[in-house]
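Colleague:
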Amino acid sequence: MKVDGDTLEYDHDSDEIIDRIYNVLSDPDSWQDLVVSFAEKYETLLTQSGSEDFQEISKTVQSRMGRLRPHFERFNSIFHSSSLDFMFADDHRREEEEHIPHLRVDASGRITEANQAAQSGFNIKVGEAIEAMPADADSLRALRSRLTQFSQGAAAEKQIAILPMYGLRGFPVIFSVTLAPRSGPGEPRSFLFRGLEIGWRDDVGQTVARVFQLTRAELEVFREIVQGRPIAEIASDRGRSPQTVRTQVRTLFDKTGLRSQIDIVRMYIAVSKFSQDQDIPGRLYTSNCRTEIIEVEPGRNIQVDIVGPDDGRPVLLFHGFITGGRFPLEVEQKLYAFGLKLITPFRPGYCRSTPADWTFEDYPDKIVQDAGAVLKHYGIERAVALGRFSGALYASAAVNAHKGILKGLIVVSGTPPTRTRRQLDAIKPEARIFAYSAKYFPQALPPLLWTFLQAVRKENARDFFDKWYSKPASDNRAAARSEVQKLLSSGWKNTLRHGTKAYMMDVRHTASDWSGFYTGLNKPILMIHGTQDPVSTLDQIEELVADFPKIRLETYEDAGQLLFFTHPDRLLKRIAEFFDEVSPSLARSQKP
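Here the UniProt record's numbering is used: the first residue of the sequence shown is 1, the next is one more, and so on.
(1) Name the two residues that bound the continuous beta strand (DSSP E) containing Arg259.
(2) Give the DSSP-derived three-state secondary structure of Gln213 in the structure shown.
(3) Provide the residue span of the alpha helix (DSSP H) that contains Gly391, from first to last.
(4) From this set, Ala161, Gly205, Met65 and Val221, which residue's C-alpha is nearest Ile294's C-alpha?
(5) Should Pro70 go down as buried or exposed, given a rule of 16 or more other Cβ atoms within 10 Å for buried?
(6) So, does the stretch 506-522 touch the stretch 391-399, judging by three or more C-beta pairs under 8 Å?
(7) Closest to Arg189 by C-alpha separation, out of Leu147, Glu542, Phe175 and Arg216, would be which residue?
(8) Is Glu96 buried or exposed, if buried means 16 or more other CB atoms sit within 10 Å of its CB?
(9) Which same chain residues end up closer than 7 Å to Phe150 when comparing Cβ atoms and leaving out the 5 residues on each side of it in sequence?
(10) Taking DSSP as the reference, what is the three-state secondary structure of Pro364?
(11) Whole angstroms is fine: what's the gap from Thr420's alpha carbon to Ala546's?
(12) DSSP three-state call for Arg64: helix, strand or coil?
(13) Report yes if the C-beta distance between Leu406 and Leu572 is below 8 Å; otherwise report no.
(14) Is the stretch 434-451 touching the stretch 406-416, taking contact as three or more C-beta pairs under 8 Å?
(15) Could you compute how far the alpha carbon of Ala426 sits from the alpha carbon of Ile18?
(16) Using the C-alpha atoms, what's the distance from Glu40 back to Ser583?
(17) Under the rule that 16 or more other beta-carbon atoms within 10 Å means buried, what is Arg250, buried or exposed?
(18) Assuming Pro389 and Thr415 make a contact with CB atoms under 8 Å, what is their CB distance in whole Å?
(19) Taking Cβ positions, are Tyr42 and Tyr363 nearer each other than 8 Å?
(20) Do the stretch 335-344 and the stretch 304-322 make contact, defined as three or more Cβ pairs closer than 8 Å?
(21) Near Phe360, which residues of its chain fall below 8 Å by C-beta distance, leaving aside the five closest residues on each side in sequence?
(22) Name the two residues that bound the continuous alpha helix (DSSP H) containing Arg570.
(23) Under three-state DSSP, which class holds residue 593?
(24) Measure the C-alpha to C-alpha separation of Ser120 and Ala431 and round it to an integer number of angstroms.
(25) By DSSP's criteria, Gly530 is part of a beta bridge. Which residues make up the other side?
(26) Measuring CB to CB, does Pro345 end up less than 8 Å from Ala502?
(27) Determine the direct distance from the alpha carbon of Gln152 to that of Cys351, and round the result to whole angstroms.
(28) Do Ile225 and Pro242 count as a contact pair if the criterion is CB distance below 8 Å?
(29) Less than 8 Å between the C-beta atoms of Glu554 and Leu521, yes or no?
(30) Per DSSP, which one or two residues make a beta bridge with Pro417?
(31) To the nearest angstrom, how far is the alpha carbon of Arg300 from that of Asp203?
(32) Look up Ala478 in the DSSP assignment and say whether it is helix, strand or coil.
(33) What residue range does the beta strand (DSSP E) around Phe318 cover?
(34) Just confirm the distance between the C-beta atoms of Lys428 and Pro534, as a whole number of angstroms; I'd bet it's less than 8 Å.
(35) According to DSSP, which residues form a beta bridge with Asn301?
(36) Can at least three beta-carbon pairs, one atom from the stretch 372-381 and one from the stretch 548-565, be found at a separation below 8 Å?
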């Protein structure tokens, strides 16, 4: 075989890799064999190549892996045609059972069972009557009446009631009440209560407003009711009297033909069910993060996660490959303490953001346009951008494009522009094969993702992340926490919800030399980095800062990648201080 004029011996390594590509499809447990073979292939080719030039190396790798290309493409077709949801279904169900409060009530209205989430989050006690639940008296009286009807043989309904309850952490949770299935004839009736904190979706709200001709103020009250907030709180937040809000609620009832706040929630859920993705927006009851779906251009929506106080200083967060806008509860609470509100728009193809058919060259500019649409949607006039991991690229591009609004840039554990081969060679072995593929042979990324997902699915989550985040010790301890494992696992699912295209676009851009975005920046830049980061090593970051002295580097000793989980107090305090430095006069009043 000829490559660039050189005669090569028959490539037996490729035969072995081809066999293992197809073996993974029939035997997922063999994923490690494929990874090992492919890593060895890379090491052989790169050792033989003495070049430091990326284009020359890429040309060589593409040529010598020519026999592999059609097989990877065939694998990719199979990969894209299959649903990835099954890979995480069992984990999701276990997570839901553990974290969402649920309880059982017998026909007399007495609590007979309650899981730990219900007991610890709502002070629910087995043996008490439903009147002891933390809900308002009118709702409990209506619920008692409904339970009596069904206990006496009323016709069965899938859902018989909705009950807002107030948790010990201070925010409301909507409980769906359904008839429990009977295990046999003659078994007494019982009822299941299951918690779901409703997240707002802008498209559903706009549909309701259009159909019932609601004013903007009425739609805002509608939204507050859907999210379970009492009239007194709505009035207090808006600086209005409770009587004024009650008048708006009565107007809502008149326009919609509904009779109660519970009916409003029911209607919202019904409209959600029949919306484009047949999904009810919801989140784990333990989180104050709310999810919204906004339209950024006709026919294309993006998901936005918002966490922190309504009047918090807005921070536009650009997520990494497997990180979004969700954090452990302790981190969320600290956002309130430091007065910060994180607003995370998800790039196309992530989570519930509509995939976009953009070219590789246009991708960063389009992401920046979406960021502008989010800022406009929420009426944000001043904010800072925060890039986490690979999000550093898009955060810097956004600050360049929206100089009037974004007053500064913070990069936390950011992936630097790939400017030298040494950067890729220094990455920890587990992640290096992804970096090599992104730079030299992108066709290999979907099979590698498949193998990674198999590892997450097959291994105990703790064991897997213990290996992936084996160093430094601070990351290892953080990855051992169940809430962090759940965030990381769900992050992979959200990344690949619509296939691999979004991930591949991101990883290819991240593996390029995008340092030009730093060149044009005339805003303050703060880079926060762990000295023991095993992927974006400190020497890479220091080289970047040496070439761009406008970047202010602050390091955390003995810290790795997971700074939001390992150093939340120090990190959030510094972000708040930076915000005050670049925009000291901004009051805590901007409210998505």
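The C-beta atom is built at its ideal place from N, Cα and C for all residues, glycine as well.
Modeller: On the basis of the supplied data:
(1) Premise fails: Arg259 is in no beta strand (DSSP E) and is neither H nor E.
(2) DSSP places Gln213 in the coil class of the three-state scheme, outside both helix and strand.
(3) Element bounds for Gly391: Gly391 to Ala401.
(4) Out of Ala161, Gly205, Met65 and Val221, Gly205 has the C-alpha closest to the C-alpha of Ile294.
(5) So Pro70 counts as exposed.
(6) Yes, the stretch 506-522 is in contact with the stretch 391-399.
(7) Among Leu147, Glu542, Phe175 and Arg216, the Cα nearest to that of Arg189 is on Leu147.
(8) Residue confidence is low: Glu96 scores 46 on pLDDT, short of 50, so the model does not pin down where it sits. No coordinate-derived value is stated.
(9) Exclusion of the five residues before and after Phe150 leaves Ile160, Leu179 and Arg189 as the residues of its chain whose Cβ lies within less than 7 Å of its Cβ.
(10) Residue state, collapsed to three classes: helix.
(11) Taking the straight line from one Cα to the other gives about 15 Å.
(12) Reduced to three states, the DSSP call for Arg64 is helix.
(13) Cβ distance not < 8 Å, so Leu406 and Leu572 don't count as in contact.
(14) No: fewer than three Cβ pairs fall under 8 Å.
(15) Ala426 and Ile18 have their C-alpha atoms some 28 Å from each other.
(16) Their Cα atoms are separated by approximately 51 Å.
(17) The Cβ neighbour count for Arg250, taken over all protein chains shown within 10 Å, is under 16; the residue is labelled exposed.
(18) Note that residue 389 is Phe in the sequence shown here, rather than Pro. Going by Cβ atoms, the distance from Phe389 to Thr415 rounds to 6 Å, so yes, they are a contact pair.
(19) Tyr363 is positioned such that its CB atom lies no closer than 8 Å to that of Tyr42.
(20) Between the stretch 335-344 and the stretch 304-322 there are three or more C-beta pairs closer than 8 Å, enough to call the two in contact.
(21) So the qualifying residues of the chain are Met505, Arg508 and His509.
(22) Arg570 -> alpha helix (DSSP H) spans Pro568 to Val582.
(23) The chain is shown from 1 up to 592; residue 593 falls before or after that span and cannot be answered.
(24) Their backbone Cα atoms lie some 39 Å apart in a straight line.
(25) DSSP lists Tyr556 as partners of Gly530.
(26) Against a cut-off of 8 Å, the Cβ pair of Ala502 and Pro345 comes out as no contact.
(27) Each residue's Cα considered, the two are about 44 Å apart.
(28) Not closer than 8 Å, so no.
(29) It is not a contact, given that the beta carbons lie outside the stated cut-off.
(30) Paired residue(s): none; Pro417 is not in a bridge.
(31) Using only the alpha carbons, I get a separation of about 11 Å.
(32) For Ala478, the three-state secondary structure derived from DSSP is helix.
(33) Per DSSP, Phe318 belongs to the beta strand (DSSP E) from Arg313 to Phe318.
(34) Between Lys428 and Pro534, the beta carbon gap of about 4 Å places them in contact (Cβ cut-off 8 Å).
(35) Answer by DSSP bridge pairing, in chain order: Glu295.
(36) The stretch 372-381, when compared against the stretch 548-565, does not touch it at the 8 Å Cβ threshold.
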